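Below: the structure, in structure tokens.
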Amino acid sequence: MSPISPKPAMSRPESTVGRTDARVTRGEKTRQALIDAAFAEIHRHGYRAASLNDILGAANCTKGSLYHHFPDKHALGLAAASENIEAFIAENWLTPLAETTDPLTTIRGIIQRHVAGETMKDIRLGCPMQNLSQEMAPLDEDFRHYLNGVFNRWTDAIADALRRGMAAGTVRQSIDPHGLATIIVATHQGMISLIKTAQDPMVGANSAPTFFNLLETMRPTPESDAH
């Protein structure tokens with residue numbers, strides 16, 4: 041008696057699979073459109089003044105689509121912030137810093153691109169993370185916790201790069217890596233704030249060289265190595 045062959049696993053008809061995949065793709069595109077529109081609206085007007093109707097119009101979506109993906113404006117705002125801010129910090133800071141043994145030169149290049157407007161669509165609107173921090177940290181613990189975590193990861197990445205620079209001989213041994221990293225983040229954020237307040241990118245262009253000179257004092261010298 042020959043063994044009974046197992047029945048082949050049933051699969052959905054190709055047409056059904058195709059329709060399901062198409063719905064998933066449409067859903068992902070709709071969600072991304074809402075995220076992008078919300079982030080742009082919040083960057084321009086702030087979270088509390090951001091209009092859901094304007095977000096829906098920019099995303100070309102219905103309220104039904106919005107509430108399918110996000111239960112409320114709060115969830116949409118957090119998602120828009122996290123997905124855009126994380127990507128920006130990773131691309132412009134974390135990735136370059138992770139690959140360098142000369143962090144002072146790397147940091148100088150990053151800030152030069154920021155001041156030149158190469159990494160922000162409109163630097164006069166300010167830094168999205170800074171804007172949200174100033175607006176929402178005193179008011180909403182979810183936003184405060186998320187944004188504080190981003191600032192901490194950013195600062196830690198700079199501090200780690202400075203430690204590698206110390207090991208490679210491109211940064212003075214006597215510095216406090218975390219302290220200097222905090223000053224670098226604070227200076228960057230302050231510069232962006234002044235540009236926004238003055239509505240003049242030249243504020244950053246004029247002050248950046250002085251900051252770069254201060255960074256250069258963190259390089260090893262015969263005197264610093266001797267101590």
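With my numbering, the residue at position 14 of the sequence shown is 54, and numbering never jumps. C-beta: ideal position from N, C-alpha, C; glycine also. In this text the structure is predicted, and so the values were computed from the model without any measurement.
Query	Result
Close-in-space but distant-in-sequence residues of the same chain around Pro260 (CB under 8 Å, 5 per side omitted)	Gly209, Thr210, Val211, Arg212 and Gln213
Arg88, DSSP secondary structure in three states	coil
Nearest to Phe128 (by Cα), restricted to the options Lys161, Gly219 and Gly244	Lys161
Backbone secondary structure at Lys161 - three-state DSSP	coil
Separation of Thr159 from Ala197, as counted between CA atoms	19 Å
Rounded Cβ spacing between Ile235 and Ile163 (contact assumed at less than 8 Å)	6 Å
Helix, strand or coil at Gln72 [DSSP, three-state]	helix
Top-ranked residue by Cα proximity to His228, from Leu255, Ala207 and Ile215	Leu255
Three-state secondary structure assigned by DSSP to Ser42	For Ser42, the pLDDT reaches just 43, beneath the cut-off of 50, and the residue's location in the model is therefore unreliable, leaving the point undetermined.
Own chain, CB closer than 7 Å to Cys101, minus 5 neighbours either side, in chain order	Thr70, Ala73 and Leu74
Buried or exposed (CB count within 10 angstroms, at least 16 for buried), Thr28	Residue numbering for the chain in the displayed model covers 41 to 267; residue 28 lies beyond these limits and cannot be assessed.
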